[in-house]
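The numbering of the sequence shown is my numbering, which starts it at 112 and goes up by one.
Scroll down for the structure; my scribbles are underneath it.
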Amino acid sequence: MIDLITYIARSLVEDPTQVKVSHQRSRDSINFQLEVAQEDMGRVIGKNGRVANAMRTLLNVPASGIGKKVNLEIVEPQ
Numbered sequence: 112m113i114d115l116i117t118y119i120a121r122s123l124v125e126d127p128t129q130v131k132v133s134h135q136r137s138r139d140s141i142n143f144q145l146e147v148a149q150e151d152m153g154r155v156i157g158k159n160g161r162v163a164n165a166m167r168t169l170l171n172v173p174a175s176g177i178g179k180k181v182n183l184e185i186v187e188p189q
């Protein structure tokens, strides 16, 4: 799933080198953090969050097969 998030995010942003994905697993969920450059935040989130919601939907497909809930958080670099 990390590869899927990375692939989608890098295809959307202007600076693909700034894309970083990290994750934390718990017993019943997987939490992903997608870090992109400040100027690319709008592209990844999309108008009214449509792109971000589409990414979350795509992540829930394989997660439902293994009985996990997936969360995707989009953050600015620190």
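Here a beta-carbon is modelled for each residue, glycine too, at the ideal position from N, C-alpha and C.
Model, not experiment: these values are computed from the prediction.
Work out the CA separation of residue j and residue i for me, nearest whole Å.
i	j	result
residue 182	residue 155	15 Å
residue 140	residue 126	30 Å
residue 159	residue 151	15 Å
residue 144	residue 172	18 Å
residue 169	residue 153	19 Å
With distance defined between alpha-carbon atoms, name the residue in the options nearest to residue i.
i	options	result
residue 132	142, 123, 138	142
residue 164	185, 134, 178	185
residue 177	122, 116, 136	136
Per DSSP, what kind of secondary structure is residue i in: helix, strand or coil?
i	result
residue 133	strand
residue 185	strand
Ranges of the beta strand (DSSP E) found wholly within the segment 125-172, counting only runs of at least 3: 131-136, 140-146
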